[in-house]
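Asks: So for the sequence shown, numbering that gives the first Met the number 0 puts the first residue at 0; every next one is plus one.
Backbone N, C-alpha and C fix where the C-beta goes; we use that ideal spot for every residue, glycine too.
All values derive from a computational prediction rather than experimental measurement.
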Amino acid sequence: MRAAVLTAPGAVEVTGDWPEAECGPGDVVVAVRAVGMCGSDLAVVDGRRAVPHLPWALGHEAIGDIVRVGAGVAPGRVGQRVAVEPNFPCLRCPACADGRTAVCPDRRILGINEPGALRERVTVPARFAWPAPPGLADEDLVCVEPLAVALAALARASLTAGERCLVVGAGAQGLLVCLAARALGAVPFVIDPHAGRLATALELGAAAAPDDGLFPVVFETSGAPPALETAVERAAPDGRIVLIGQSGTPARLSTFTVVQRRLTLRGCLIYDHPRDFAAAVERAAELRPGRILRGRYPLAGVADAFARARELPGKTWITLEEPPR
């Protein structure tokens, strides 16, 4: 079957002979409709995030239709349109037993340590294929996974209605944080050097941050080391800083500022299964996260999609043909 694969750092191709998806007990096979692109995909393509081997199937933010079910899965699930939750915790370790599945040491991740979902069919444990709410557009469904990240970050920040917050970085994740914060009744301000991304954030109801002033809550979404410095500088006394973006490059941090202002820095790694993903599925129709989509490419254009993703003032997605019913 066809799949988008990484053959060398920076080299993305479409192959026609990727192995067919197998369906074991407790699994479903999803015929993929579309896959969203995120920063971790770009890190894999650039070679900044290692994968087990090459060639490597890319992508993880998949939606599609269940076309086959394994033993133990209700036959009636065939034909369901679903969003794939691409992080598969073991559900047996102490972290999972405590509900902290994001830090499961044996977590399987599509596109990172397991071949990705940017292919015609992908196998998924049935409990990680979430039925789409009736009437939800594919554009919104394909953004459910990053929406789960944004909603989890708001919860970890304990953001409340009426509270001002600063979002550092208006990439796809920053845009979703702005959108979710507005829906909560908070007041999001945003910083981004890219004029198009900043304009998109303003369209979603955020305000451009003033050049000065401090904020009780700061979300750092870009992962760029200088952005952490900005987040600390703009946090008010007793402020909460939530870090969503990641980078292997060390960042400078003034412990004087952190201590003098009594700041709290908290990392936010994806979301916890099942509650956080369930919340994103439930709220997708209300929040309409597909509003952040800006670039749409067919599978045949996947190399161009990866090459141009950083230029777009929003999220990129790749669509496949409508699967047979």
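1. Tell me whether the beta-carbon of R196 lies closer than 8 Å to the beta-carbon of R118.
2. Between the segment 245–252 and the segment 213–228, can you find at least three pairs of beta-carbon atoms closer than 8 Å?
3. Expressed to the nearest angstrom, what Euclidean distance is found between the alpha-carbon atoms of L158 and A185?
4. Taking just the CA atoms, how far does L41 sit from F305?
5. Can at least three beta-carbon pairs, one atom from the segment 136–150 and one from the segment 72–91, be found at a separation below 8 Å?
6. With a cut-off of 8 Å on the beta carbons, I'd call H59 and A116 a contact; round off their distance for me.
7. Assuming F127 contacts R163 (C-beta within less than 8 Å), just tell me the rounded distance between them.
8. Among V13, D97 and V280, which one has its Cα closest to the Cα of P133?
9. Starting from E138, trace the beta strand (DSSP E) both ways and give me its first and last residue.
10. Assuming L213 and L178 are in contact, meaning their beta carbons sit under 8 Å apart, how far apart are those beta carbons, in whole angstroms?
11. If you scan the segment 158–190 from start to end, which runs of the alpha helix (DSSP H) of 4 or more residues do you find wholly inside it?
12. If you reduce the DSSP assignment to three classes, tell me which class I317 lands in.
13. Can you tell me which of R76, A149, R67 and A49 puts its alpha carbon nearest to the alpha carbon of I108?
14. Counting along the chain, where does the beta strand (DSSP E) carrying V325 start and finish?
15. Buried or exposed for G173, going by 16 or more other Cβ atoms inside 10 Å?
16. Excluding the five sequence neighbours on either side, which residues of its own chain have a C-beta within less than 7 Å of the C-beta of A101, listed in chain order?
17. How is the alpha helix (DSSP H) around E144 delimited, first residue to last?
18. Identify the residues that DSSP records as bridge partners of T14: which are they?
19. From the DSSP output, which residues share a beta bridge with I65?
20. Between G75 and G25, is the Cβ-Cβ spacing less than 8 Å?
21. In the DSSP assignment, what residue or residues form a beta bridge with T241?
22. How big is the Cα-Cα spacing for P322 and V66?
23. When you compare only the Cα positions, how much space is there between G325 and V43?
24. Are there 16 or more other CB atoms within 10 angstroms of the CB of N86, so buried, or fewer, so exposed?
25. State the Cα-Cα distance for the pair V167 and D191, rounded to the nearest angstrom.
26. Return the residue from the list L311, W129, E232 and A56 that minimises the CA-CA distance to E113.
27. Just to confirm the assignment, what range does the alpha helix (DSSP H) spanning G195 have?
28. Going by other Cβ atoms of all chains shown within 10 Å of its Cβ, with 16 needed for buried, is G63 buried or exposed?
29. Can you tell me whether DSSP reads T122 as helix, strand or coil?
Replies: On the basis of the supplied data:
1. Reading the sequence shown from its first residue, position 197 is the one you call residue 196. Reading the sequence shown from its first residue, position 119 is the one you call residue 118. No. Outside cutoff.
2. The segment 213–228, when compared against the segment 245–252, does touch it at the 8 Å Cβ threshold.
3. On the sequence shown, position 159 is the one that residue 158 refers to. On the sequence shown, position 186 is the one that residue 185 refers to. Taking the straight line joining both Cα atoms gives about 7 Å.
4. Counting from 1 along the sequence shown, the entry for residue 305 is found at position 306. Counting from 1 along the sequence shown, the entry for residue 41 is found at position 42. Those two C-alpha atoms are separated by around 7 Å.
5. These segments touch.
6. Residue mapping note: residue 59 aligns to position 60 of the sequence shown, counting from 1. Residue mapping note: residue 116 aligns to position 117 of the sequence shown, counting from 1. Confirmed, about 6 Å.
7. In the sequence shown, counting from the first residue as 1, residue 127 sits at position 128. In the sequence shown, counting from the first residue as 1, residue 163 sits at position 164. So it is not a contact: roughly 36 Å between Cβ atoms.
8. On the sequence shown, position 134 is the one that residue 133 refers to. If we check each option's Cα against that of P133, V280 comes out closest.
9. On the sequence shown, residue 138 is found 139 positions in, with the first residue counted as 1. That residue, E138, is in no beta strand (DSSP E); its alpha helix (DSSP H) goes D137 to L140.
10. Your numbering for residue 213 matches position 214 in the sequence shown. Your numbering for residue 178 matches position 179 in the sequence shown. Rounded, the Cβ-Cβ distance is 23 Å, inconsistent with contact.
11. Segments of the alpha helix (DSSP H) lying fully in the segment 158–190: 171–183.
12. Against the sequence shown, residue 317 aligns to sequence position 318. Reduced to three states, the DSSP call for I317 is strand.
13. Residue numbering aside, residue 108 sits at position 109 when the sequence shown is read from its first letter. Answer by Cα proximity: A49.
14. Any property of residue 325 remains undetermined from this structure, which presents the chain solely from 0 to 324.
15. Translated into positions along the sequence shown, residue 173 becomes position 174. Burial of G173 is indicated by the presence of at least 16 other C-beta atoms within 10 angstroms of its C-beta.
16. To locate residue 101, count along the sequence shown from 1; it is residue 102. Excluding positions up to five away in sequence, the list reads L268, I269, Y270 and D271.
17. Here residue 144 refers to the residue found at position 145 of the sequence shown. Its alpha helix (DSSP H) spans residues V143 to A156.
18. As a first step, residue 14 must be located in the sequence shown, where it is residue number 15. Beta-bridge pairing links T14 to A2.
19. For the purposes of this step, residue 65 is taken as the residue at position 66 of the sequence shown. Per the DSSP secondary-structure output, I65 pairs in a beta bridge with V29.
20. The residue given as residue 75 occupies position 76 in the sequence shown. The residue given as residue 25 occupies position 26 in the sequence shown. Not closer than 8 Å, so no.
21. Along the sequence shown, read from residue 1 onward, the residue named residue 241 stands at position 242. The amino acid occupying residue 241 in the given sequence is Val; Thr does not appear at that position. For V241, which the question treats as bridged, DSSP gives the partners F218 and R265.
22. As a position in the sequence shown, residue 322 is number 323, starting the count at 1. As a position in the sequence shown, residue 66 is number 67, starting the count at 1. Residue confidence for P322 is low, a pLDDT of 41 falling below 50, so the modelled location carries little weight; the figure read from the coordinates is stated next. In a straight line, the C-alpha of P322 is about 9 Å away from that of V66.
23. Because the chain is modelled from 0 through 324, residue 325 falls outside the range shown and cannot be assessed.
24. Within the sequence shown, the letter at position 87 stands for residue 86. Flag for N86 reads buried.
25. For this step, residue 167 is matched to residue 168 along the sequence shown. For this step, residue 191 is matched to residue 192 along the sequence shown. Their backbone Cα atoms lie some 7 Å apart in a straight line.
26. Taking the first residue of the sequence shown as position 1, residue 113 is located at position 114. Checking every option, the nearest Cα to that of E113 belongs to A56.
27. As a position in the sequence shown, residue 195 is number 196, starting the count at 1. That run of the alpha helix (DSSP H) goes A194 to E202.
28. The count along the sequence shown starts at 1 and reaches residue 63 at position 64. Counting Cβ neighbours within 10 Å, G63 comes out buried, since at least 16 surround it.
29. Your numbering for residue 122 matches position 123 in the sequence shown. T122 falls in the strand class under three-state DSSP.
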